[in-house]
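If you use full-length UniProt numbering, the sequence shown corresponds to residues 1 to 1153, in order.
Note that beta-carbon positions come from the ideal geometry of N, C-alpha and C, so glycine has one too.
The structure displayed is predicted, hence computed values, not measured ones.
Heads up: the structure comes next, in structure tokens.
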Amino acid sequence: MDRSEEPPMEASYVIKRDGKPASVRFDAITDRNQALCSAAYGRHLSHVEKRLPAITQKVVRRFKNGMTTHALDMLTADVCVAQSTRHQDFSDLAARILVSDLQKRTTASFLQTVLRLDSVQNAEGLNVSRLHPEFVGIASRGAAEIDRRINFARDFRLTYFGVQTMIRSYLLRETGPQSAPVERPQHMYMRVALALCVGQPDQKGHEAPEDLFRKRLEFAFEAYDLLSTQRLAHASPTIFNAGTKHPQLASCFLLSADDDLNVVLQVDKDAGMISKWAGGVGMSLSRIRAEGALIKSTGCKSDGLRRYIMKLNSSQLHVNQSGFRPGAYALYLETWHADIFTFLSLGRFKDIASNAPDLKYALWTNDMFMEAVVEELAARAAVARGDSTVEAESAAGDWYLFSPDRAPDLDKAYGEQFRVLYRRYVDEKRYERVVKASTIMTEWFKTVAQKGNPYILFKDHINRKSNLSHYRTITNSNLCVAGGTRILTDKGQLPICTLVDREVRVWNGSEWSCVTVRQTSLSAALVRVTLNSGATLVCTPEHTFYDRFGTKIRAGNLAPGTQLEDVSSWPVVDGGEPFSCAYAHGLFCARQTPVGALLDDSTASLHGPPLGADKDSRLRWFEGYCDGSSSCGVQLLDGPLVLQTQECSIVELNFLRQIRLLLQTLGCNTRIWSGIPTSHFGCRGWRLFVTKANLETLVGLGFSPRRLDLQGGRGVRLFDVKTRVVPQVVSVSFIEIPAPTFCFTEPLRGRGVFEGILTGQCAEISIPSFHEEGKENEAEYGTCNLAAIPLASFVLPDARASNPGRARVDWEALIATAGTAVRNLDNIIDINFYPVEACRRSNLKHRPIALGVMGLADVLAKFRYAYGSSKARALDRALHAAIYYGAMRASSELGKERGNFASFEGSASQRGLLQPDLWVACGHLSENWEEAVASETGGKIKPSDWAELRKSCSAYLRNAYVTADMPTATSSQATGQNECFEPFTSNLYTRKTLAGEFTLLNPYLLAELESVGVWDEEMRQALVLSGGSVLNNTRVPPDIQRRYRTARELDQRLLTLHAKARNPFLSQSQSLNYYFSAPCLRDALTVVVSGWKEGLTTGCYYIHTQPAAGSAKSSVMLPAFSRQPSSPKNVEDSAGRNSASVCSTKVCEACSV
């Protein structure tokens, strides 16, 4: 700097943005702040406007000569935000100062900003731009229109916390996190919109034809408007990486480690690659053998999970998320695993050298375990009341732990299939040890008291209520049959295992229906069901049958004597392939002659009916069999044709069963009997009866045997026998050896004919997600793409509204925004950069997306509804119903436009079932939910709309999943709305994120206290002293006290009831937190068990507690839990303990938005 330009030493000066010094005129600070307080930048800041001279005086006292103008702006903002507990206006002015400073340091031109980022060089002079050439081309081609549409005034809508978060985490910089941001918030929003809506999988979006380019540009501008007005928020990885050379835009990746060293090491590497590109990792460890298990190849014993988890802990710390935030791994383990206690203890901060406290942990919990917990708690309570004995208590709650190498496939099974497999392994004594279920929960809570997790998710609820079965396991489909099962198709009775991934037409009992056959498991527990007709079916215990009244019954629950639904009519199957020498083949089969010795052709290898042959071949074969069987007789008037085996053997019985299946393809239903008195035939064999009516059907089709006289003369009247009877269960038996299973989804009636029996079929078919040794090219890692809707942005003032806040929801805009979000998220799937191939494979197959929410507490504050009240829960439900409706409608439209997701066949949607329908089927949602939603939305979503949605989604659907409520820890601060669906954690508190610490005041409470004239310095100090609580403050009206109870002051069961209200409209799950003033096992178990009984898919995400003074209270008397949920009214009226909000956990999670 030239000395001639230096100001006098005694003068106050600053360094301007061009590097030159300038004298300071402190009145200019007041003038600038005066301008920023005006309504031109949003709300008029009248409260702080009166105090601007005082703010300037504080700045002057802290001023240092030679400060840059940027530093002076930061100092002024700091002075303002330090007084934010006095009034919201102070923090709003601080936000405007930050935005003003940022805009002065950056250029307005979007293209110039892009080119500046594209020209970044390192110290060696090499270009190190992160931007993709396609994106630069898009920005160049659309530069003029982009600059016309971008609106920098919207930057001033951001809160102080939001601006800080933007600068710290989201805005792109030239050389790294320590450099100054090059982007403005509006640049960032436009970058994301252009990348998602104009960018293409072939990376040639900038080269599209002019009309197509302009159309995509309009889509981008629509998305930009939603993003920049805080009506839509994309996930952090999407914002970090949109428009870059490695556009890894997905948030969640679900990995599964198989019990093989190569796979275990590969999964560790894959997790690191995912974390490098800003993805959060969830990893299932349930297939890894337990500590002490034998390693056959070396003869050594396994170290189990401990050392592998410690290795993962180091990997997470080593690889951060694109330099923006630490890596985030969440590990899942099922409660039957023998290393469960090690798993639960590794997350504790004690003995850190031998633990792994930086990871997140989760329990994947099944119904049997929860039942064992409840059983033990009830037994303890009974003893405490004197209603039971200690001996009875000691027998309750036993839980068996297994190593997956000795007890395979427990991780693959759920529901009844899991029960059968678990009990079998117990009977075979394959378990490693027996514990009480409560000991697992006690160890769980010891870790919860320190760090807020492990999370708890309910495996069975998740699977039963999924559009597809949960893709973390290899298979979770249950309504399935063994591979040799023959199904009735328009080509004959064909083994189901030969039809995998083929589209076939099956008989549903009354008509032909098109389905796709799928393999649904590699190994599943099976039962054998035998009927009085002689038919038998090998299937999973959860395969469905229908009784004669239409009631659905699982195979495992069938009782002898149960009468089943029968086929209304049997078809005549014309299809099939010609079968040479059919008559001769049947003749030789009847005489039990070795066919190969007589027939020298391709039919010689088949000993039995040609079930897949054409109609003529089947008739000719049956003619030959009847002519060749010495045990055939015919009653001329009304008696049956009787086919008799020579001995009572299973081989002969199975042969007759095949003939029965053949006759079904010719329109005839027959019956197999045994135990007929020997005087009639001289042998106690099996007999198949064909009625006279069926004989007439066969003759009408051309049945004309050569030796068997159907016209009379050689028939012998045998005896009277009733052949037309209702199908009835004779027995159900367990099969010892598991086997692969197969099934299909029949969309018209939900039925199919298996081994000649009309039954139900798959409601949900799982497409495997796994990583096993030797199958690397088939491995799938579940991947999901997230966004959230800031709900408060859709609340409008309405003087005519009946609610206390005189507010209403703009339902049409909310539904439309959900549709736009779906289009954006679906685009992400195609343009995304996948860190590993298994992620790409899974994402393209299922195309899952997750649209969540933020700002529910803001909405309730605007409506003046108390969190947990019946009106608040109804509004919560309606908001989620509208988002689900809008998302599914858009996904169906995209399915018609672009094609369905690859695993659409067999999904619940394809059967015409929506997410709430699955909840109704499980008994966790009232059947009149459609009318309730119509009432809550003012008729904007009617029952007829849902019916139309079912119809459209049964034909077209682009995405397997569309909604989930994920954490929104960072992005909710950028939008200025409360996190996710959480209640306010306090009304005055310090928020901690990667951007720093900020003291916030609840603006809604402030406005109401001002409106009733009680906001003053005394109230401010009282609020500070109470940690943000207004409960029991006599100056605060009771209604305001009730509505502004903080998270810990609420009865936590209210959070469960809210979760139940919204959960039926979530395709996946929700990150449900609970808040307690002190660590207490009793309280934690109460909410977890209550949530399980209510059918929630998540038991708990974090359990937030204040730090305990001593050890966790794990030895308290555990309560009994009623099967009936508590009265919502009683829960609503109760309040919890009063405390300030103190978070015991980190903010940044694996799947946060």
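Should residue i and residue j be called a contact, given that it needs their Cβ atoms to be closer than 8 Å?
i: I440; j: L359; result: no
i: Y414; j: K459; result: yes
i: A242; j: R191; result: yes
i: A874; j: E812; result: no
i: T759; j: H543; result: yes
i: R168; j: N508; result: no
i: V822; j: V809; result: no
i: Y1074; j: L1055; result: yes
i: C581; j: T540; result: no
i: V573; j: T665; result: yes
i: T69; j: V182; result: no
i: C197; j: N824; result: yes
i: S236; j: A195; result: no
i: V853; j: L879; result: yes
i: L1031; j: R1045; result: yes
i: R864; j: A1061; result: no
i: S286; j: A338; result: no
i: C252; j: T783; result: yes
i: H246; j: G137; result: no
i: S1026; j: E1049; result: no
i: F156; j: A108; result: no
Which one of the options has the shortest CA to CA distance from residue i?
i: A139; options: L111, L925, Y329, A799; result: L111
i: C80; options: F63, A35, L102, I55; result: I55
i: L333; options: T365, S314, K350; result: T365
i: residue 1155; options: P835, F1076, G397, T342; result: Lying outside 1 to 1153, the shown extent of the chain, residue 1155 is not represented and no answer is given.
i: G912; options: E948, A887, K862; result: E948
i: D89; options: Y41, T68, T113, V114; result: Y41
i: S284; options: G886, K412, S84; result: K412
i: E1017; options: Q83, I672, S38; result: Q83
i: A330; options: Y361, W1015, R148; result: Y361
i: S1071; options: T1097, E222, D259, I340; result: T1097
i: E145; options: E134, I659, E218, I883; result: E218
i: L102; options: G125, A123, A77, S91; result: A77
i: I15; options: A28, L72, F742; result: L72
i: T817; options: R173, M888, M273; result: M888
i: A838; options: A881, W946, Y781; result: Y781
i: I1103; options: C1080, G1095, S1067; result: C1080
i: R502; options: V374, C743, A437, L653; result: C743
i: L988; options: A857, L1005, A974, V920; result: L1005
For my contact list, residue i and residue j are in at a C-beta cut-off of 8 Å; report their separation, rounded to the angstrom.
i: P797; j: Q977; result: Going by Cβ atoms, the distance from P797 to Q977 rounds to 17 Å, so no, they are not a contact pair.
i: R62; j: L75; result: 6 Å
i: Q121; j: V114; result: 16 Å between Cβ atoms; not a contact.
i: G586; j: G628; result: 7 Å
Please tell me whether residue i has its Cβ less than 8 Å away from any Cβ of chain B.
i: D31; result: No chain B is present in this structure, which holds just one protein chain.
Given 8 Å as the limit, is there contact between the stretch 97 to 110 and the stretch 157 to 173, that is, 3 or more CB pairs closer than that?
-> Yes: the two stretches touch, three or more of their Cβ pairs being nearer than 8 Å.
Inter-stretch contact (C-beta, 8 Å, three-pair minimum) for the stretch 698 to 709 and the stretch 511 to 518 | With a cut-off of 8 Å, the stretch 511 to 518 and the stretch 698 to 709 do not count as touching, because too few Cβ pairs lie within range.
Hey, is the stretch 384 to 397 in contact with the stretch 481 to 492, meaning 3+ C-beta pairs nearer than 8 Å?
-> no
Would you mind listing the alpha helix (DSSP H) stretches within the stretch 925 to 994 that are 4+ residues and don't spill past its ends, in chain order?
-> 929 to 936, 943 to 953, 971 to 975
Complete runs of the alpha helix (DSSP H) confined to the stretch 1030 to 1097 [at least 4 residues] | 1038 to 1043, 1053 to 1062, 1081 to 1093
Please determine if the stretch 447 to 456 and the stretch 525 to 535 are in contact, where contact requires at least 3 C-beta pairs separated by less than 8 Å.
-> no
Evaluate contact between the stretch 869 to 879 and the stretch 834 to 848, counting only Cβ atoms and requiring at least three cross-stretch pairs below 8 Å.
-> no
Length at least 3, wholly inside the stretch 498 to 573: the beta strand (DSSP E) runs in chain order | Along the stretch 498 to 573, the beta strand (DSSP E) occurs as fully enclosed runs of 3 or more residues at 503 to 507, 512 to 516, 518 to 531, 536 to 539, 544 to 546, 552 to 554, listed in sequence order.
Inside the stretch 306 to 369 only - beta strand (DSSP E) runs reaching at least 3 residues = 329 to 334, 360 to 365
May I have a chain-ordered list of the beta strand (DSSP E) segments no shorter than 3 residues that lie completely inside the stretch 801 to 874?
-> 807 to 809, 849 to 854
Does the stretch 889 to 903 come close enough to the stretch 941 to 959 that 3 or more CB-CB pairs lie under 8 Å?
-> Yes: at least three Cβ pairs fall under 8 Å.
Evaluate the contact criterion for the stretch 551 to 561 versus the stretch 728 to 742: three or more CB pairs, one atom per stretch, below 8 Å.
-> yes
Start-end ranges of the alpha helix (DSSP H) lying completely within the stretch 125 to 212, minimum 4 residues = 133 to 141, 143 to 149, 160 to 165, 185 to 197
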